[in-house]
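Structure first, then comments.
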Amino acid sequence: AQSVTQLDSQVPVFEEAPVELRCNYSSSVSVYLFWYVQYPNQGLQLLLKYLSGSTLVKGINGFEAEFNKSQTSFHLRKPSVHISDTAEYFCAVKKTTDSWGKLQFGAGTQVVVTP
Amino acid sequence: ETGVTQSPTHLIKTRGQQVTLRCSSQSGHNTVSWYQQALGQGPQFIFQYYREEENGRGNFPPRFSGLQFPNYSSELNVNALELDDSALYLCASSLDLKGTGELFFGEGSRLTVL
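Protein chains in written order, with our numbering: chain A, 2 to 116; chain B, 839 to 952.
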């Protein structure tokens, strides 16, 4: 069995400040890792993914994440946030042997950016 | 290139009724997955369809069923609705089973069961 834990349900942050969203996972088999963003009243959009290779992954909108296998973590960071980054962020894992559509999501972290 | 579209966007049903939700995949995508997102939670995988056959299922009872059509559009059917079925239902499409790992999501159908 596998699980995904997003350690913060809500993260308030000031505009232009850095933000880090924490994600830990557990799995008995190899997994791929993803971060998705959900803006209000919209579907989810892929920010970035780790499949293999470099453990530092860069995504869209200035986000990056680092895969740490020993700590089973995949934390998401952005050095300077904008008001438009206010959204819900979901960490997700997929067993490497599962089909691409079968993701397991965490409960989400709501990011609220204020001026 | 058209994105994933879902209908209806909102609907209200009563316990025991049946509901059908519809999804049009992104152009060229032949795989569709359905997710249930309860309020304040992350999406949960219901099932996936590839070439009109179910290809993987999550921990949902048989009253959740689906179809995929030759044009790759899809339906999610839920029978004998329960109050806990109230949720946002998301459809996601991707390009075949060996895609790039990116799912393209629709905006969802919000179901309220009274």
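Every residue, glycine too, gets a C-beta built ideally from N, C-alpha and C.
Small disclaimer: the values here were computed from a predicted structure and weren't measured.
Should residue 48 of chain A and residue 64 of chain A be called a contact, given that it needs their Cβ atoms to be closer than 9 Å? yes
Would you kindly work out how many angstroms separate the C-alpha atoms of residue 943 of chain B and residue 842 of chain B, rounded to a whole number? 6 Å
The beta strand (DSSP E) spanning residue 912 of chain B covers which residue range? 912-916
Taking Cβ-Cβ distances below 8 Å as the criterion, which residues of the segment 880-902 of chain B are in contact with chain A? 880, 881, 882, 883, 886, 888, 893, 894 and 896
Could you have a look at residue 865 of chain B and say whether DSSP puts it in helix, strand or coil? Three-state DSSP puts residue 865 of chain B in coil, outside helix and strand.
Enumerate in chain order the residues of its own chain whose CB-to-CB distance from residue 70 of chain A is below 6 Å, with the five nearest sequence positions on each side excluded. none
Just the Cα atoms here: how many angstroms apart are residue 117 of chain A and residue 6 of chain A? Residue 117 of chain A is absent from the model: chain A starts at 2 and stops at 116.
What's the C-alpha gap between residue 922 of chain B and residue 85 of chain A? Between residue 922 of chain B and residue 85 of chain A, the C-alpha separation is close to 32 Å.
Compute the beta-carbon to beta-carbon distance between residue 928 of chain B and residue 946 of chain B, rounded to the nearest angstrom, for a pair I have assumed lies under 8 Å. 5 Å
Could you work out which residues of chain B lie near residue 1 of chain A, taking near to mean beta carbons separated by less than 8 Å? As displayed, chain A neither begins before 2 nor continues past 116, which places residue 1 of chain A out of reach and without an answer.
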